[in-house]
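*Asks:* Dumping the structure here so I can ask a few things about it.
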Ligand code: NAD
């Protein structure tokens with residue numbers, strides 16, 4: 401896990417002043433309404449947020465999509481006229497501010513959406529602040545020869561319209577901002593209505609970090625009252641050059657039908673296969689850590705375990721040893737009744753009970769009328785291959801474990817259960833042939849071997865991170881290059897210097 405970054409960041413005097421002012425604001429009553437302040441409530445939060453709710457305009461927050469796009473257009477032109485060094489300073493300031501506010505934003509997102517665990521959301525916020533790729537990846541490419549020099553550079557698109565989910569509201573905003581701004585773009589966010597308060601707070605903090613570093617106002621902007629309609633208006637807006645959507649199948653379909661270039665990060669149902677050669681203790685620990693991460697709402701989290709028959713019992717025993725709660729047959733029936741609003745039969749996706757998405761395992765047990773000691777991170781249940789839990793992206797800490805006669809049947813079932821999303825998958829094995837076979841067969845954007853799936857996001861694994869994993873459109877883990885246009889400049893017959 402990433403350690404807290406107490407010493408990693410040096411704050412300017414101005415940043416210190418801003419933080420002190422914000423702390424003072426939070427400790428006192430909410431500030432009196434200003435003339436340009438609305439008190440519009442978007443979706444009533446389910447419990448009191450940590451940051452006082454206010455939908456004030458300004459600092460990147462606009463009433464209409466038109467206003468937000470216009471302001472982002474002005475900001476883009478200003479950024480376009482600035483040096484690369486200034487852009488680097490803006491990104492550094494954003495990273496520093498987001499590390500500073502990672503926990504506060506995490507608590508805010510959890511209390512507003514009611515999803516996941518604040519401590520895991522803080523890990524996600526710190527991860528994206530530190531490991532989203534920045535300007536450093538935009539290296540120009542030069543080719544020289546008898547006919548001179550050809551240079552290829554990464555250029556911005558302009559204004560990007562970005563639609564963000566409720567499951568990772570702040571980490572997606574932070575990640576998109578670092579990657580899109582690094583490439584020289586400006587952004588208009590249409591955030592999920594159920595996460596609008598924390599998202600507005602996030603946009604304000606980003607706005608301040610950008611302006612503190614000498615960047616333009618409104619480089620990151622948003623609409624104060626996001627709805628499906630405002631998302632669709634953004635998709636159709638002539639001032640928006642590129643769309644990026646992060647969410648379920650509905651928003652992906654809509655973006656692809658918009659007629660604009662769209663980078664689409666859609667749903668997944670990540671399977672993990674465990675074969676007879678695996679280190680079962682390591683597998684049990686890793687699967688519990690991964691599948692319980694933020695109560696399973698992260699799109700890359702392990703959603704079903706497919707284990708070879710000969711080791712499935714031992715794997716389950718070890719999972720219980722490391723803290724998972726094993727549901728008995730009758731308990732599983734009660735949990736199914738609680739978590740599904742509709743079951744559509746074997747090998748088909750069930751409809752999940754929305755108000756249990758992202759809840760703690762203990763709360764799900766309570767809803768099913770089952771009492772338990774402590775706070776188990778994860779519920780596990782042994783199920784047949786065709787059980788709806790295997791086929792459904794449940795986004796709850798309820799993990800089905802199903803068995804297969806051998807590893808090849810496991811890979812086959814994993815491919816079927818993944819539904820062809822091409823999103824995420826993984827395997828615990830010491831057999832390199834089996835690992836390679838599964839990686840090739842399942843063909844997902846991320847394939848994690850012998851570790852929790854969050855390692856595939858760079859948390860405990862190598863490489864940069866992204867919370868917009870564009871499987872349908874093929875960019876995979878998006879970064880600054882995904883949000884760039886390639887431009888070529890050719891000098892004929894000169895500047896080959898050898
Ligand atoms: P969601 O699809 O309900 O909402 C995502 C965003 O799309 C929201 O801002 C919502 O307002 C908007 N939206 C939804 N339908 C729309 C439509 N028809 N037109 C315009 N806008 C629309 O998803 P969610 O519940 O916020 O997130 C969970 C889903 O997102 C899961 O399926 C998860 O796998 C997926 N997800 C994928 C990634 C990824 O990187 N691939 C990341 C996070 C979440």
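In the numbering used here, the protein residues as written are 401 to 898.
Positions of the beta carbon are idealized from the N, C-alpha and C atoms, including for glycine.
Predicted, not measured: the structure shown is a model, and the values here were computed from it.
1) Straight-line CA distance for residue 622 to residue 562?
2) Could you tell me which of 837, 723, 805, 811 sits nearest to residue 772, measuring between CA atoms?
3) Taking 7 Å as the cut-off, does the CB of residue 793 come closer than this to any heavy atom belonging to ligand 1?
4) Can you look up residue 742 in the DSSP assignment and give me helix, strand or coil?
5) What is the residue span of the alpha helix (DSSP H) that residue 840 lies within?
6) Ligand 1 and residue 713: does the residue's C-beta get closer than 7 Å to at least one heavy atom of that ligand?
7) Any contact between the region 789-808 and the region 817-834? By contact I mean 3 or more CB pairs, one from each, below 8 Å.
8) Does the beta carbon of residue 354 fall short of 7 Å from some heavy atom of ligand 1?
9) List in chain order: all unbroken alpha helix (DSSP H) runs of 4+ residues lying wholly within the region 490-526.
10) Beta-carbon separation of residue 533 and residue 873 under 8 Å?
11) Mind checking residue 805: buried by the 16 CB within 10 Å criterion, or exposed?
12) My output table needs one value for residue 880: the three-state DSSP class, helix, strand or coil.
13) Please identify the residue among 735, 608, 854, 788 whose C-alpha is closest to the C-alpha of residue 762.
14) Less than 7 Å separating the Cβ of residue 843 from some heavy atom of ligand 1?
15) Is residue 779 helix, strand or coil by DSSP?
16) Measuring alpha carbon to alpha carbon, tell me which residue in 730, 521, 673, 542 is nearest residue 817.
17) Give a single yes or no on whether residue 624 has its beta carbon closer than 7 Å to a heavy atom of ligand 1.
18) Return yes when the C-beta of residue 654 is under 7 Å from any heavy atom of ligand 2, and no when it is not.
19) For residue 542, count neighbouring Cβ atoms within 10 angstroms of its own Cβ and tell me buried if that reaches 16, exposed if not.
20) Should residue 889 be labelled buried (16 or more other beta-carbon atoms within 10 Å of its own) or exposed?
21) Nearest-angstrom Cα distance between residue 727 and residue 473?
22) What is the DSSP secondary structure of residue 426, counted as helix, strand or coil?
23) Please state whether the Cβ-Cβ distance between residue 568 and residue 626 is less than 8 Å.
24) Give the single residue among 479, 747, 828, 716 whose Cα lies nearest to the Cα of residue 587.
25) Could you tell me which of 526, 681, 486, 616 sits nearest to residue 851, measuring between CA atoms?
26) Work out the CA separation of residue 576 and residue 555 for me, nearest whole Å.
27) Can you tell me the Cα-Cα spacing of residue 519 and residue 499, whole angstroms?
28) Compute the minimum distance between the beta carbon of residue 590 and the heavy atoms of ligand 1, and state whether it is under 7 Å.
29) Could you name each continuous alpha helix (DSSP H) segment of 4 residues or more that falls completely within the region 639-676, going from the start of the chain to the end?
30) In this structure, does DSSP put residue 462 in helix, strand or coil?
31) Using the three-state DSSP reduction, which class does residue 637 fall into: helix, strand or coil?
32) Which of the three DSSP states, helix, strand or coil, is assigned to residue 541?
33) Where does residue 425 land, buried or exposed, given buried means 16+ other C-beta within 10 angstroms?
*Replies:* With the given structure in hand:
1) Position 222 of the chain shown, counting from 1, holds the residue named residue 622. Position 162 of the chain shown, counting from 1, holds the residue named residue 562. Taking the straight line joining both Cα atoms gives about 9 Å.
2) Sequence index remark: in the chain shown, residue 772 carries index 372 (1-based). With distances taken between Cα atoms, residue 772 lies closest to 723.
3) Within the chain shown, residue 793 is the residue found at index 393, counting from 1. Yes.
4) Here residue 742 refers to the residue found at position 342 when the chain shown is read from its first residue. Correct three-state label for residue 742: strand.
5) The count along the chain shown starts at 1 and reaches residue 840 at position 440. Here the alpha helix (DSSP H) through residue 840 covers 832-842.
6) The sequence position of residue 713 within the chain shown is 313, counting from 1. Residue 713 Cβ: outside cutoff for every heavy atom of ligand 1.
7) Judged by Cβ distances under 8 Å, the region 789-808 makes contact with the region 817-834, as three or more pairs qualify.
8) Since the displayed the chain opens at 401 and closes at 898, residue 354 lies outside it and no answer follows.
9) 502-513
10) Indexing the chain shown from 1 puts residue 533 at position 133. Indexing the chain shown from 1 puts residue 873 at position 473. Contact flag unset, no.
11) Your numbering for residue 805 matches position 405 in the chain shown. So residue 805 ends up on the exposed side.
12) Translated into the one-based positions of the chain shown, residue 880 becomes position 480. Three-state result, residue 880: coil.
13) On the chain shown, position 362 is the one that residue 762 refers to. Minimum Cα distance to residue 762 is reached at 735.
14) As a working note, residue 843 is residue 443 in the chain shown. Flag unset: Cβ of residue 843 not near ligand 1.
15) In the chain shown, counting from the first residue as 1, residue 779 sits at position 379. Strand at residue 779.
16) The residue given as residue 817 occupies position 417 in the chain shown. The candidate whose alpha carbon is nearest that of residue 817 is 673.
17) As a first step, residue 624 must be located in the chain shown, where it is residue number 224. No - ligand 1 has no heavy atom lying nearer than 7 Å to the Cβ of residue 624.
18) For ligand 2, the structure offers nothing, since it holds only ligand 1.
19) Position 142 of the chain shown, counted from the start, is the residue given in the question as residue 542. Exposed.
20) In the chain shown, the residue the question calls residue 889 occupies position 489. Under this definition residue 889 is an exposed residue.
21) Reading the chain shown from its first residue, position 327 is the one you call residue 727. Reading the chain shown from its first residue, position 73 is the one you call residue 473. Looking at the two C-alpha atoms, the distance is approximately 54 Å.
22) Within the chain shown, the letter at position 26 stands for residue 426. Only weak support exists for where residue 426 lies, its pLDDT of 37 falling under 50; the value from the coordinates is given anyway. Secondary structure at residue 426: helix, using DSSP grouped into helix, strand and coil.
23) What you label residue 568 is simply residue 168 of the chain shown in a count that begins at 1. What you label residue 626 is simply residue 226 of the chain shown in a count that begins at 1. No; because the gap between Cβ atoms is not below 8 Å, this pair is not in contact.
24) By one-based count along the chain shown, residue 587 stands at place 187. Measuring from the Cα of residue 587, the nearest candidate turns out to be 479.
25) Translated into positions along the chain shown, residue 851 becomes position 451. Nearest of 526, 681, 486, 616 to residue 851, Cα basis: 681.
26) Start at 1 with the first residue of the chain shown, and residue 555 comes out as number 155. Start at 1 with the first residue of the chain shown, and residue 576 comes out as number 176. For residue 555 and residue 576, the distance between alpha carbons rounds to 17 Å.
27) For the purposes of this step, residue 519 is taken as residue 119 along the chain shown, with counting starting at 1. For the purposes of this step, residue 499 is taken as residue 99 along the chain shown, with counting starting at 1. Each residue's Cα considered, the two are about 14 Å apart.
28) Residue 590 sits at position 190 when you count from the first residue of the chain shown. Indeed, a heavy atom of ligand 1 lies less than 7 Å from the Cβ.
29) 649-656
30) On the chain shown, residue 462 is found 62 positions in, with the first residue counted as 1. Residue 462 falls in the strand class under three-state DSSP.
31) As a working mapping, residue 637 is identified with position 237 in the chain shown. Under the three-state reduction of DSSP output, residue 637 falls in the coil class, being neither helix nor strand.
32) Looking up residue 541 in the chain shown gives position 141. Correct three-state label for residue 541: strand.
33) For the purposes of this step, residue 425 is taken as residue 25 along the chain shown, with counting starting at 1. Any answer about residue 425 is weak, because its pLDDT of 40 lies below 50 and its placement is not dependable; what the coordinates show is given next. Exposed, since its Cβ has fewer than 16 Cβ neighbours within 10 Å.
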